[in-house]
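Working notes, structure below.
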Amino acid sequence: MLFNSYEFIFIFLPIVFFVYFYLNSRKLTEAAKGFLVFSSLFFYSYWEIKYLPIILASMLFNYLIGTTLSRSNEDNKKGLNKTFSKKSILIFGIACNISLLGYFKYADFFIENFNLFADLNIELLHLLLPLAISFFTFQQIAYLVDSYKCETKEYDFLNYALFVTFFPQLIAGPIVHHKEMMPQFANVRNKVRNYRNIALGLFIFSIGLFKKVVIADTFAVWANNGFDVATTLNFFEAWATSLSYTFQLYFDFSGYCDMAIGIALLFNIKLPINFNSPYKALNIQDFWRRWHITLSRFLRDYIYIPLGGNKKGNLRTYNNLMATFIIGGFWHGAGWTFLFWGFLHGLALSIHRVWQSLGFKMWTWLAWLITFNFVNIAWIFFRAKEWEDAIKVLSSMFSFNNIVLPERLQSILVFLSDYNVEFGLWAQNISGTNQTIVFIFLGLILVLFFDNSTQKINLFKFNKRYLFLSVICFASSILSLNKVSEFLYFNF
Amino acid sequence: MVIKKWIKLFFLISSIIYFSVFLVNYIIDPFGVFNSKFFEKEFQENERFIKVDFLEKNRNKFNGLMFGSSRIGTTPPSLIESYIPNSKFYNFTLSSANFYDYEKHLAYFIKEKYPIKYLYLQIDIENMIRYGAVESDYLRKPHPYVNNKSLFNYYLSYLGGFFPSNIIGKIRKNINDLNPTVSILETGNWYKPIKDKALAESCEEYIKSEPTFNTKYNRTIDYSQRNKNIEALKRIKKMTDINGISLIVFTTPHNKNMMDKFIIKDYFLFLRDIASITSYYDFSGYNSVTVNNCNYYEFSHYHKEISKLISAKIFNDQSIIIPSDFGHFVNKENIDLHIDMLKHQIESYLIKEN
Chain A
473 MLFNSYEFIF IFLPIVFFVY FYLNSRKLTE AAKGFLVFSS LFFYSYWEIK YLPIILASML
533 FNYLIGTTLS RSNEDNKKGL NKTFSKKSIL IFGIACNISL LGYFKYADFF IENFNLFADL
593 NIELLHLLLP LAISFFTFQQ IAYLVDSYKC ETKEYDFLNY ALFVTFFPQL IAGPIVHHKE
653 MMPQFANVRN KVRNYRNIAL GLFIFSIGLF KKVVIADTFA VWANNGFDVA TTLNFFEAWA
713 TSLSYTFQLY FDFSGYCDMA IGIALLFNIK LPINFNSPYK ALNIQDFWRR WHITLSRFLR
773 DYIYIPLGGN KKGNLRTYNN LMATFIIGGF WHGAGWTFLF WGFLHGLALS IHRVWQSLGF
833 KMWTWLAWLI TFNFVNIAWI FFRAKEWEDA IKVLSSMFSF NNIVLPERLQ SILVFLSDYN
893 VEFGLWAQNI SGTNQTIVFI FLGLILVLFF DNSTQKINLF KFNKRYLFLS VICFASSILS
953 LNKVSEFLYF NF
Chain B
5 MVIKKWIKLF FLISSIIYFS VFLVNYIIDP FGVFNSKFFE KEFQENERFI KVDFLEKNRN
65 KFNGLMFGSS RIGTTPPSLI ESYIPNSKFY NFTLSSANFY DYEKHLAYFI KEKYPIKYLY
125 LQIDIENMIR YGAVESDYLR KPHPYVNNKS LFNYYLSYLG GFFPSNIIGK IRKNINDLNP
185 TVSILETGNW YKPIKDKALA ESCEEYIKSE PTFNTKYNRT IDYSQRNKNI EALKRIKKMT
245 DINGISLIVF TTPHNKNMMD KFIIKDYFLF LRDIASITSY YDFSGYNSVT VNNCNYYEFS
305 HYHKEISKLI SAKIFNDQSI IIPSDFGHFV NKENIDLHID MLKHQIESYL IKEN
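Protein sequence lines, in the order shown, are assigned to chains A and B. 473 is the number of the first residue of the first sequence in the numbering used here; add one for each residue after it. 5 is the number of the first residue of the second sequence in the numbering used here; add one for each residue after it.
Here is the structure:
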């Protein structure tokens with residue numbers, strides 16, 4: 473089920489909300505929790521019920537391993553703890569999780585490349601990727617590591633199931649820690665309707681819905697046409713394509729996260745923020761502190777630091793950075809373009825580190841321009857389905873012999889014809905119009921000069937201004953809610 | 005403001021907005037899908053919905069369909085019926101239609117066992133660059149039956165959408181009593197009475213006032229949708245063969261100014277591709293019909309009189325005088341000769357123009 477659908481907003485969410493708090497008001501707290509888990513599994517299965525056993529099996533397995541790990545410090549060791557060391561249980565748990573992810577997400581990628589290198593013809597498995605597998609697997613790996621470090625308390629399976637399946641964050645994050653969610657689920661004060669949280673939740677949900685339905689889906693048309701439909705692009709079409717995707721991805725994913733945060737707030741649960749105006753970043757390190765923050769946190773805590781972080785000399789630090797980001801790229805998708813995107817970011821972070829260590833400075837505007845353009849160009853590899861698509865967009869962005877300007881400018885700029893500039897439909901290959909330029913310009917203003925959703929939450933007041941903003945965002949989004957469009961991060 | 009009041013106002017104002025929009029969309033009916041008829045004259049109808057809806061109720065009345073973009077809309081079905089005994093045609097002209105629409109609708113009509121025996125298919129050269137449908141284009145959203153989707157959700161999308169320009173357009177059209185285009189649902193074709201009158205009074209004056217006849221266009225339309233178009237045409241041909249439907253294919257006689265927009269090598273490739281799949285009549289190019297602006301409403305739509313010449317050529321009607329350079333039967337055997345002829349025609353035209 474999509475957050476941006478009539479059935480979710482007008483049927484599923486109101487029913488779950490009212491039944492959950494009704495059960496709690498009757499002191500049936502375990503039943504309320506059970507209902508929330510059931511609703512979350514329904515929400516998950518609504519898409520494709522055949523994935524349900526996978527998430528159930530994954531939860532049960534990780535719960536057993538996690539419980540075993542957290543009990544291993546006890547003097548009276550039982551079961552697996554008696555036979556195996558704590559570390560070997562952890563390694564086994566992580567290996568099983570990675571194998572599950574590897575089987576569903578990466579099997580065909582490896583077979584394809586093995587076929588290519590060994591000149592074989594092993595048939596591909598063509599497995600459908602279970603929804604949210606990358607997210608719930610990472611979340612549970614973090615849980616196992618935390619259990620190993622004795623940073624988790626023991627809760628029953630129902631609590632654990634709620635931690636994994638809680639529907640606002642189940643499909644595409646934010647990737648949450650056991651320790652930041654479980655106390656909230658257990659807190660008695662959170663089982664009572666809190667009107668302040670409801671209002672805040674409605675406000676942030678409306679903003680997120682607007683970002684997704686009104687802004688991201690508008691950019692999606694030009695980005696999709698540029699990447700997937702057009703066979704050739706002129707200079708401006710190529711820039712419009714890449715910038716449209718840059719804005720689409722941000723508004724789509726941050727919109728989803730805002731909706732998740734808003735919905736969770738209705739249930740008195742605070743999810744961690746995932747975006748903090750990433751396109752305002754002045755260097756690539758700054759960007760990763762602002763973009764998909766919970767994934768960056770996971771990569772730092774569970775990959776970069778265990779690899780040695782920056783504690784083992786410069787060369788090792790650069791290696792660790794590269795490895796972390798290549799893994800990060802691969803997590804997003806099974807393809808060389810994703811690996812290359814991760815490599816580019818790892819390289820940029822390493823270069824930034826060298827730059828910093830040498831004590832160089834740069835003008836702020838230039839630092840922003842370089843960072844933004846690097847991110848924009850790197851997204852091309854992230855988005856392109858094939859290398860050819862990426863090359864098509866990138867080469868046209870830097871080719872000055874395919875410039876087409878709007879026909880109406882011909883009378884003023886006719887002298888440019890001597891420099892191979894043509895006049896005509898400048899954006900027809902991406903189904904663009906002059907509106908495209910206006911939207912890109914507005915997108916840039918929004919990401920650079922406006923407060924982000926987190927800042928808006930902090931500034932929120934129960935006054936007419938915020939009421940007006942919420943209603944406008946909500947109403948205009950609902951009125952645009954007539955086409956099904958998935959969130960981009962559902963693919964990862 | 006008290007928190008509870010804030011929440012109540014949020015829902016109340018939002019609800020008022022939705023229901024107002026629902027009501028306005030139903031009453032004004034900017035795309036004609038509700039058939040509410042509070043406003044008699046249509047501004048921009050969704051032909052894809054209205055025509056399928058009409059055919060659903062009259063499915064046994066027709067055994068022939070005319071497929072094409074709005075450009076085939078000036079052809080009265082009676083014209084084709086006069087050449088094919090016992091035929092009853094419906095002009096299924098659809099705004100901006102392309103192979104995607106033709107294939108989808110043909111597949112639907114066959115699946116639903118419509119008694120189709122003839123398909124009169126007009127191919128625009130402009131289709132080189134077009135394929136598919138835009139989900140958010142309410143003027144061109146296919147009937148939900150065709151896409152196997154829910155009718156309820158379809159209506160809901162038209163109730164809950166925000167269409168200010170279409171609403172204003174329809175109100176203005178009804179208040180000012182303007183009716184530049186008359187569409188006849190029962191036959192499917194359309195005509196433009198005001199423009200017809202202006203053309204009849206003075207073609208020269210009409211041409212001067214029509215901007216598309218007085219603009220110089222660049223050759224920017226390429227053949228970027230080659231694979232999709234050709235595969236769709238193959239499937240259409242296969243469907244007609246399997247289901248015993250007579251397929252009559254011809255290309256649109258685009259006005260010279262429209263022809264100026266096509267990249268020539270891509271245009272030739274498109275003609276070759278069509279010939280590799282089916283034989284057809286080619287009316288495109290710079291011939292004596294297409295270079296005469298008096299035959300057109302604007303550079304995109306030809307006049308009803310031209311549709312008579314087209315059908316006379318296709319059905320070999322000796323009683324009508326057809327210019328010798330207008331319309332050529334093309335198949336895979338003679339396509340090279342035909343392209344050579346077009347090359348000469350274009351060269352002569354360009355020399356003359358310059």
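Backbone N, C-alpha and C define an ideal beta-carbon position, used for all residues, glycine too. It should be emphasised that the depicted structure is a prediction, and the values quoted were computed from it without experimental measurement.
For residue i, which residues of its own chain have a beta-carbon under 7 Å away from its beta-carbon, when the five flanking residues on both sides are left out?
{"i": "Val-636(A)", "result": "Met-531, Phe-608, Gln-611, Gln-612"}
{"i": "Tyr-774(A)", "result": "Ile-613, Ala-614, Val-617"}
{"i": "Gly-780(A)", "result": "Arg-788, Asn-792"}
{"i": "Ser-511(A)", "result": "Val-488, Phe-639"}
Using a C-beta cutoff of 9 Å, does residue i count as contacting chain B?
{"i": "Asn-891(A)", "result": "Checking the displayed sequence, the identity of residue 891(A) turns out to be Tyr instead of Asn. Not closer than 9 Å to any Cβ of chain B, the Cβ of Tyr-891(A) fails to qualify, so no."}
{"i": "Phe-484(A)", "result": "no"}
{"i": "Ala-947(A)", "result": "yes"}
{"i": "Ser-942(A)", "result": "yes"}
{"i": "Val-488(A)", "result": "no"}
{"i": "Tyr-492(A)", "result": "no"}
{"i": "Phe-934(A)", "result": "yes"}
{"i": "Val-865(A)", "result": "no"}
{"i": "Tyr-478(A)", "result": "yes"}
{"i": "Val-876(A)", "result": "yes"}
For residue i, which residues of its own chain have a beta-carbon under 6 Å away from its beta-carbon, when the five flanking residues on both sides are left out?
{"i": "Asp-105(B)", "result": "Leu-98"}
{"i": "Ile-234(B)", "result": "Asp-277"}
{"i": "Pro-640(A)", "result": "Ala-732, Ile-735, Ala-736"}
{"i": "Thr-78(B)", "result": "Lys-308, Ser-311"}
What does residue i touch in chain B if you count any residue whose Cβ is under 7 Å from its own?
{"i": "Glu-894(A)", "result": "Asn-222"}
In chain B, which residues lie with their C-beta within 9 Å of the C-beta of residue i?
{"i": "Thr-843(A)", "result": "By Cβ distance, chain B contributes nothing, its closest Cβ being about 33 Å from Thr-843(A), past 9 Å."}
{"i": "Leu-939(A)", "result": "Met-5, Trp-10, Leu-13, Phe-14, Ile-17"}
{"i": "Leu-881(A)", "result": "Residues of chain B passing the Cβ test: none, with the nearest at roughly 13 Å."}
Taking only beta-carbon atoms, is residue i less than 9 Å away from chain A?
{"i": "Asp-226(B)", "result": "yes"}
{"i": "Ile-133(B)", "result": "yes"}
{"i": "Val-37(B)", "result": "no"}
{"i": "Val-138(B)", "result": "yes"}
{"i": "Leu-160(B)", "result": "yes"}
Applying a beta-carbon distance threshold of less than 8 Å, which residues of chain B neighbour residue i?
{"i": "Ile-950(A)", "result": "Ser-18, Tyr-22, Gly-164"}
{"i": "Leu-674(A)", "result": "Ile-11, Phe-14"}
{"i": "Ser-897(A)", "result": "Before going further, note that residue 897(A) is Leu rather than Ser in the sequence given. Neighbours of Leu-897(A) on chain B, chain order: Thr-224."}
Run down chain A in chain order and give the residues with a C-beta less than 8 Å from the C-beta of residue i.
{"i": "Val-25(B)", "result": "Leu-951"}
Under 8 Å by Cβ, that's how I've got residue i and residue j pegged, so tell me the actual separation to the nearest angstrom.
{"i": "Ala-360(B)", "j": "Ser-73(B)", "result": "With chain B represented from 5 up to 358, any question about residue 360(B) goes unanswered, as that position is not in the structure."}
{"i": "Leu-841(A)", "j": "Ile-852(A)", "result": "Going by Cβ atoms, the distance from Leu-841(A) to Ile-852(A) rounds to 17 Å, so no, they are not a contact pair."}
{"i": "Ile-17(B)", "j": "Val-686(A)", "result": "The Cβ separation is near 18 Å, so there is no contact."}
{"i": "Asn-669(A)", "j": "Leu-738(A)", "result": "7 Å"}
Excluding the 5 residues flanking residue i on each side, which residues of the same chain have their C-beta closer than 8 Å to its C-beta?
{"i": "Lys-196(B)", "result": "Pro-184, Thr-185, Val-186, Tyr-301"}
{"i": "Ser-868(A)", "result": "Thr-704, Leu-705, Asn-706, Phe-707, Glu-709, Ala-710, Asn-874"}
Listed from N- to C-terminal order along the chain, which residues in the segment 656-672 of chain A have their beta-carbon within a distance smaller than 9 Å of any beta-carbon of chain B? Per Cβ criterion, the list reads Tyr-667, Arg-668, Ile-670, Ala-671.
Between the segment 899-931 of chain A and chain B, which residues of the former have a C-beta closer than 8 Å to a C-beta of the latter? Gln-900, Asn-901, Ser-903
For the segment 691-711 of chain A, which residues have a CB atom closer than 7 Å to at least one CB atom of chain B, in sequence order? Correct list: Ala-702, Thr-703, Thr-704.
Against chain B, which members of the segment 743-768 of chain A pass a CB distance test of less than 8 Å? none
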